[in-house]
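For reference, the structure is listed below as structure tokens.
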């Protein structure tokens with residue numbers, strides 16, 4: 057679309073209307089992570105070609121709640137925070153492509169349109185949901201601290217049904233915030249064909265990760281997790297066989313683009329390398 | 057994405073999670089349309105290549121509110137209506153491609169994720185908004201009828217700012233429901249490139265329209281329309297120079313796919329014909 | 057509060073800010089009713105003094121969904137319908153006071169603040185919820201008609217948990233729309249005392265009903281109803297022992313005040329008669 | 057209502073359904089305050105009998121945004137934070153009763169039903185709104201710190217219209233967080249009569265304040281404030297004649313009941329002292 061401005065739709069003469077501005081996109085927020093093991097074949101069935109199951113601990117899953125404030129390089133969204141704050145919950149597994157291990161988001165729910173659009177760009181399969189997670193605060197009258205004994209709840213709902221809930225009680229600092237979401241992401245970006253019954257018009261496998269990352273100490277503790285069924289969701293197809301751990305961490309992140317790993321052509325997937 | 061089910065993301069082994077099912081998509085709803093003339097150069101600046109300004113009445117704009125119930129061919133969404141009902145407001149202009157006149161949605165706001173995703177597929181540049189329109193009802197204690205003297209209000213807001221409001225007083229039946237939204241749609245479907253600063257990874261011009269359409273009598277009447285400024289919107293760049301008319305109509309529609317008009321390649325736009 | 061204007065808070069010099077205007081309040085809307093029998097002792101435990109269990113069919117319960125458009129006598133809300141449209145679901149039982157049978161709303165959820173405030177005035181124990189019910193429409197592409205074979209779904213959620221869902225398939229016209237909600241309402245209006253641990257500062261038993269009422273034909277049919285548990289709700293304490301029937305009806309109603317039945321004084325309840 | 061449990065409606069056999077539990081109510085949150093002077097007669101017109109205008113600086117107004125997490129003494133809401141987190145914006149003036157200066161909330165908007173009900177109990181004239189305020193975060197990628205140079209935005213909307221917006225740039229610590237909201241509150245608790253046209257069934261003037269209070273350092277800085285008109289609000293009737301200051305402070309508060317100052321009887325207001 058030459059002669060138009062705007063990173064995303066709607067593109068216009070000025071670009072002012074674009075639902076999202078160009079990267080870099082910056083984020084400050086709190087992550088509550090629950091890692092567990094499910095049946096590896098249930099992870100495998102979520103990995104389309106050309107991806108394969110990760111070799112180590114292939115049934116590991118991370119369910120992550122995030123409470124974000126975000127902005128573009130103008131930082132103007134921070135002064136009109138309806139455009140800046142959002143919450144999300146997402147499910148991450150690992151996979152392999154050409155011998156390299158990647159993380160991959162298989163389900164994700166957000167509560168703002170700009171987050172939906174950023175996810176579409178990055179290959180996150182976003183839906184709308186209602187997510188809540190306990191916030192730490194310096195004054196404990198109605199808040200935990202990020203410290204031993206701090207108790208954090210987190211809930212996820214979509215379509216007026218609760219899908220998941222967790223309670224994490226912090227015990228001690230941890231050298232890490234979990235391992236399932238620790239690799240670059242390998243995501244598909246797909247546009248279904250416009251003609252009835254046609255194949256995808258576009259399909260690409262991309263990788264991306266933070267261009268910069270800062271974080272406070274990670275905390276771990278005891279965690280309880282419940283998943284619920286819904287006719288429109290499949291989170292319950294990743295049942296909890298064994299809880300690995302629960303983690304809490306405050307982070308600052310910048311995202312500034314990704315790279316194509318492979319594209320789908322007439323002869324199947326072609327590596328971009 | 058072979059070996060996966062689901063029309064849209066997230067694709068899975070069963071397809072149950074897909075944010076939207078395959079077309080056909082069916083709709084029953086009420087349309088409140090306001091047509092007016094703006095400066096044709098403001099319409100022109102919203103038409104990317106390879107589109108051109110329509111020859112007749114090139115400054116005509118339709119601002120349309122719609123109160124929808126929708127479903128897939130299973131009709132199961134109708135029994136869980138949080139997945140079926142949504143509201144939208146959209147701005148339509150006309151354009152020309154290869155000598156044929158098309159309608160084109162340049163701005164649109166919806167209030168459900170499934171509507172957002174359907175719009176992405178169809179090339180509607182959807183954002184989230186808050187739309188309200190007066191509903192007719194058989195009992196007039198707190199409702200107009202679709203009849204002479206019926207008064208209908210409609211409002212549009214996004215980002216906690218009101219963007220537009222209209223009041224339509226029905227006067228008489230009309231042979232039509234306006235003309236701006238009366239052609240097949242010509243929409244771009246675009247995927248920005250994943251690498252920082254890269255060109256679009258995919259760009260396509262498609263046309264689509266209803267595969268079947270039923271409607272009650274169209275009504276016309278007197279209409280007042282106000283547009284408001286917002287830092288994230290450009291509706292006010294299509295100022296009202298002259299009101300053409302206001303219309304109300306109840307419709308039933310099926311959408312079942314579109315057709316590629318042109319694709320963007322290395323050498324520019326190539327017609328698909 | 058002399059020298060101030062406004063029916064409800066906030067009261068001001070002009071009254072313009074009042075969350076709700078003075079009655080009469082008018083309503084046009086659609087009612088989907090499910091009636092069933094539960095254990096009469098569970099109804100009895102919801103009836104505070106000076107109310108008693110109804111003599112006939114004391115375990116009868118009505119769960120009613122309503123999709124409303126409402127306005128004051130100025131009708132100005134109809135032109136700014138964010139102030140006019142709301143949805144609700146409510147649970148009604150019957151009771152007796154001084155030998156007369158009354159209906160009584162024991163639980164109710166709405167989705168707008170003006171509806172919450174009207175309920176507080178009328179003694180409806182309102183909370184916020186998310187209610188959806190299938191809408192009839194003249195064009196059946198994605199809608200039933202109010203006619204034999206029409207299928208309507210209805211759902212209720214609060215606190216991001218689903219509380220109830222029903223599916224009603226219309227079979228034939230019915231001479232009535234159910235009987236549980238057919239009496240004047242007997243509701244308590246209570247203001248807890250402001251001092252810690254103090255008794256209620258004010259408590260009154262009132263009756264009220266529509267000052268005028270119009271309705272289309274009532275339809276009945278086959279109905280399925282499911283209730284779900286929640287830590288903040290007690291709907292599941294009224295379990296479905298036997299479904300009585302399901303009904304659908306379009307109505308127009310005016311409410312214009314009620315009457316005091318009894319007030320709580322130092323010596324207990326005193327009848328107002 | 058003897059033989060029933062529950063602090064607020066709906067009262068039941070167990071009390072589990074009560075929209076709010078008994079005090080004490082605890083709060084942890086962040087306050088962004090803008091103080092300004094308006095025309096004193098506009099403050100006076102918001103003070104019903106038996107209140108009078110404060111003697112010093114009678115035109116002072118505080119517009120306060122608050123981002124809260126709250127809970128009852130069980131703290132169970134903190135683990136299901138949809139029941140714990142809410143946002144509000146409120147307008148405070150000062151007044152005098154029997155020679156004592158009080159603060160008084162004249163307008164307030166919240167976004168959760170439990171906050172609405174607590175406000176009704178405390179005499180806050182709550183409506184629903186959409187409030188957003190920039191959050192501080194340890195990592196500054198998309199967040200300010202509570203420190204010199206920190207920039208915080210705050211917005212208020214109701215009925216799909218923006219009512220107010222402010223930007224505060226912190227400069228230095230301040231010995232206080234403003235003075236307008238610094239007194240015990242003097243609020244009316246009113247129940248309109250149920251019979252058409254009848255006087256209030258109940259009216260009481262109460263005072264209340266925090267039973268305990270902790271706070272971090274207060275910060276002050278430069279502030280911009282804009283107020284907008286709305287047909288359902290009167291915030292614009294308190295125009296900004298002179299900005300006094302802007303403040304930011306993190307606090308922890310407990311509320312545990314208030315006291316009656318006066319009650320309205322047949323002969324007018326009677327002091328409770």
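Protein chains in written order, with our numbering: chain A, 57 to 329; chain B, 57 to 329; chain C, 57 to 329; chain D, 57 to 329. In this text, a Cβ means the ideal position worked out from N, Cα and C, and glycines have one as well. Just so we're clear, the structure is a prediction, and the values are computed from it rather than from any experiment.
Contacting positions in the region 199-228 of chain A - beta carbon closer than 7 Å to chain B: If the cut-off is 7 Å between Cβ atoms, the region 199-228 of chain A has 215, 216 near chain B.
Residue 219 of chain B and residue 284 of chain B look like a contact to me (Cβ under 8 Å); what is the Cβ gap, rounded to whole Å? 6 Å between Cβ atoms; contact.
Just list the alpha helix (DSSP H) runs in the region 86-137 of chain D, keeping only unbroken ones of 4 residues or longer that don't cross its boundaries, in chain order. Taking 4 residues as the shortest admissible run, the region 86-137 of chain D contains the following complete alpha helix (DSSP H) segments, listed from N- to C-terminal end: 96-100.
Residue burial classification, residue 254 of chain C (beta-carbon count within 10 angstroms, cutoff 16): Exposed.
Would residue 142 of chain D pass as a contact of residue 151 of chain D if the rule is Cβ separation under 9 Å? In this structure, residue 151 of chain D does not lie closer than 9 Å to residue 142 of chain D by Cβ.
Comparing alpha-carbon positions, which option in C:86, C:60, C:77 lies nearest residue 272 of chain C? Scanning C:86, C:60, C:77 for the CA closest to the CA of residue 272 of chain C turns up C:86.
Residue 247 of chain D - partner residues in DSSP beta bridges: DSSP lists D:258 as partners of residue 247 of chain D.
Boundaries of the alpha helix (DSSP H) in which residue 175 of chain D is found, first to last residue: Residue range 169-178 is occupied by the alpha helix (DSSP H) that includes residue 175 of chain D.
Residue 139 of chain C versus residue 115 of chain A: straight-line alpha-carbon distance, rounded: Straight-line spacing of the CA atoms in residue 139 of chain C and residue 115 of chain A works out to 50 Å.
Between the region 240-249 of chain D and the region 154-171 of chain D, do three or more beta carbon pairs fall short of 8 Å? With the cut-off at 8 Å, the region 240-249 of chain D and the region 154-171 of chain D touch.
May I ask which residues mark the beginning and end of the beta strand (DSSP E) holding residue 187 of chain B? It spans 186-189 - the beta strand (DSSP E) in which residue 187 of chain B sits, taken as one unbroken run.
Using DSSP bridges, identify the partner residues of residue 326 of chain D. Residue pairing by DSSP places residue 326 of chain D opposite D:319 in a beta bridge.
Who are the neighbours of residue 83 of chain D on chain A, taking C-beta pairs under 7 Å? Here the neighbours are 197, 198.
By the criterion of Cβ-Cβ separation under 9 Å, what are the contact partners of residue 256 of chain A in chain D? None at all; the shortest Cβ gap to chain D is about 34 Å.
Buried or exposed, going by whether 16 or more other CB atoms sit within 10 Å of the CB of residue 177 of chain B? The residue is buried, with at least 16 neighbouring Cβ atoms inside 10 Å.
Could you check whether the Cβ of residue 251 of chain A sits closer than 9 Å to any Cβ belonging to chain B? With 9 Å as the cut-off, residue 251 of chain A counts as an interface residue toward chain B.
Should residue 177 of chain D be flagged as near chain C, meaning a C-beta pair shorter than 9 Å? Residue-level contact check: residue 177 of chain D touches chain C, since one or more beta carbons of chain C fall below 9 Å from its beta carbon.
Of all the options A:155, A:80, A:63, which has the alpha carbon lying nearest to the alpha carbon of residue 352 of chain B? The requested residue 352 of chain B is not part of the displayed model; chain B covers only 57 to 329.
Considering Cα atoms alone, identify which of D:83, D:277, D:60 is closest to residue 230 of chain D. Ranking D:83, D:277, D:60 by CA distance to the CA of residue 230 of chain D puts D:277 first.
Using a C-beta cutoff of 9 Å, does residue 281 of chain C count as contacting chain B? So no, residue 281 of chain C is outside the interface.
Assuming residue 281 of chain D contacts residue 222 of chain D (C-beta within less than 8 Å), just tell me the rounded distance between them. Rounded to whole angstroms, the Cβ separation of residue 281 of chain D and residue 222 of chain D is 5 Å, and the two are in contact under 8 Å.
Quick one: does residue 313 of chain C have its CB under 9 Å from some CB of chain D? Contacts with chain D at 9 Å (Cβ-Cβ) include residue 313 of chain C.
Please look up how many angstroms separate the CB atoms of residue 84 of chain D and residue 195 of chain A, rounded, as I've assumed it's under 8 Å. Confirmed, Cβ separation roughly 5 Å.
Backbone CA spacing between residue 326 of chain B and residue 318 of chain B [nearest angstrom]: Taking the straight line from one Cα to the other gives about 5 Å.
Excluding the five sequence neighbours on either side, which residues of its own chain have a C-beta within less than 6 Å of the C-beta of residue 109 of chain C, listed in chain order? The beta carbon of residue 109 of chain C sits closer than 6 Å to the beta carbons of 100 from its chain, once the five residues preceding and following it are set aside; these are given in chain order.
Indicate whether at least one CB of chain D lies closer than 9 Å to the CB of residue 72 of chain C. Output row for residue 72 of chain C: interface = yes.
Three-state class that DSSP yields for residue 203 of chain D in the structure shown: In this structure, residue 203 of chain D counts as coil in the three-state DSSP scheme.
For residue 72 of chain C, which three-state DSSP category applies? It is coil, neither helix nor strand.
Near residue 302 of chain C, which residues of its chain fall below 6 Å by C-beta distance, leaving aside the five closest residues on each side in sequence? These residues qualify, in order along the chain: 90, 224, 277, 279.
Answer with yes or no whether the minimum CB distance from residue 188 of chain B to chain D is below 9 Å. Cβ-Cβ to chain D under 9 Å: yes for residue 188 of chain B.
Would you kindly work out how many angstroms separate the C-alpha atoms of residue 328 of chain C and residue 261 of chain C, rounded to a whole number? Their backbone Cα atoms lie some 9 Å apart in a straight line.
Rounded to a whole number of angstroms, what is the C-alpha to C-alpha distance between residue 59 of chain A and residue 322 of chain B? So the two alpha carbons sit approximately 16 Å from each other.
I'd like the span of the beta strand (DSSP E) that includes residue 230 of chain A, first residue to last. Segment 217-230, the beta strand (DSSP E) holding residue 230 of chain A.
Leaving out the 5 sequence neighbours to the left and right, which residues in its chain are closer than 8 Å to residue 191 of chain A when beta-carbon positions are compared? The answer, listed in chain order, is 86, 123, 199.
Where do the N-terminal and C-terminal ends of the beta strand (DSSP E) with residue 141 of chain B fall, by residue? Its beta strand (DSSP E) spans residues 141-153.
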